[in-house]
Amino acid sequence: MVKVLFVCLGNICRSPVAEGVFNDLIQKHNLEDKISCDSAGTKGWHAGQLPDHRAIKNALDNGIALTHKGREIHATDLDAFDHIVVMDESNFKDVYEMYYKTKNTTPSTEKLFLLRDYDPKVTGVKEVPDPYYGSELDFEEVYHIIQRSCKALLDSLIEKHRLVEETI
Ligand code: 4NP
192 MVKVLFVCLG
202 NICRSPVAEG
212 VFNDLIQKHN
222 LEDKISCDSA
232 GTKGWHAGQL
242 PDHRAIKNAL
252 DNGIALTHKG
262 REIHATDLDA
272 FDHIVVMDES
282 NFKDVYEMYY
292 KTKNTTPSTE
302 KLFLLRDYDP
312 KVTGVKEVPD
322 PYYGSELDFE
332 EVYHIIQRSC
342 KALLDSLIEK
352 HRLVEETI
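So the sequence shown is numbered by our numbering: it starts at 192 and just counts up by one.
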């Protein structure tokens, strides 16, 4: 089983949307027994809470139901997940430092990377912007960034881990 962890700051806006979108793509590809995902925040401020109501509404409008309960990333996640996919540079720095402090070595680019490394439309800064202090329109923009990036990420992981058996 290939395991993916999506990480943002609070685990109530961006990473639970990425988890919901990625799970939907996993289901559509019938890959539930080969790849799974979860999400977490670098901070535990919203531990135990459902996502932000604006993220829930926006995702639902796009056909995705979010049920994740917030949690803080833990050192054990660094080994439990094959890929840790962060939303912005600040998340990257936090997880990178946690990894270095815990394991005395640096994470590979396959272990830890930005979601927008996979955004086919990215220009300039490769971050998923934080919509927490933004508008409904910002949540909609973030949804589409996450959707197209998750699609490209899953395609890449299918190839990398050879998740689909070839049929003759
Ligand atoms: P997220 O957004 O990292 O995408 O979940 C945020 C959620 C909460 C806060 C900041 C960002 N906060 O300050 O509580």
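Heads up, the beta-carbon is just placed ideally off N, CA and C, and yes, glycines get one too.
Beta-bridge partners of E263, as assigned by DSSP: G232
Beta-carbon contacts of L216 that lie in its chain and below 7 angstroms, excluding the five residues immediately before and after: C341, K342, L345
Cβ pair count under 8 angstroms reaching 3, the region 205–215 against the region 242–252: yes
Inter-residue Cα distance where the pair is H237 and L222: 30 angstroms
Residue range of the beta strand (DSSP E) that includes E212: At residue 212 the sequence reads Val, which differs from the Glu that was named. No beta strand (DSSP E) holds V212; the alpha helix (DSSP H) holding it covers 205–219.
P322 versus C199: straight-line alpha-carbon distance, rounded: 11 angstroms
Classification of V355 by the beta-carbon crowding that lies within 10 angstroms, buried from 16 upward: exposed
Identity of the residue in R262, S299, H274 nearest S347 by Cα: When R262, S299, H274 are compared, the shortest CA-CA separation from S347 is found for H274.
For S347, the three-state DSSP class (helix, strand or coil): helix
Inter-residue Cα distance where the pair is D229 and F330: 20 angstroms
Rounded distance between the beta-carbons of K225 and M278, thought under 8 angstroms: M278 to K225, Cβ: 24 angstroms. No contact.
Close Cβ partners of Y309 (< 6 angstroms) along its chain, the five nearest in sequence each way excluded: Cβ within range, chain order: S340, A343, L344.
Per-residue burial, L251 [other beta carbons within 10 Å of its own, 16 or more giving buried]: Per the 10 Å Cβ criterion, exposed.
Simplified DSSP state of V355, which is helix, strand or coil: coil
Where V195 sits in the DSSP three-state scheme: strand
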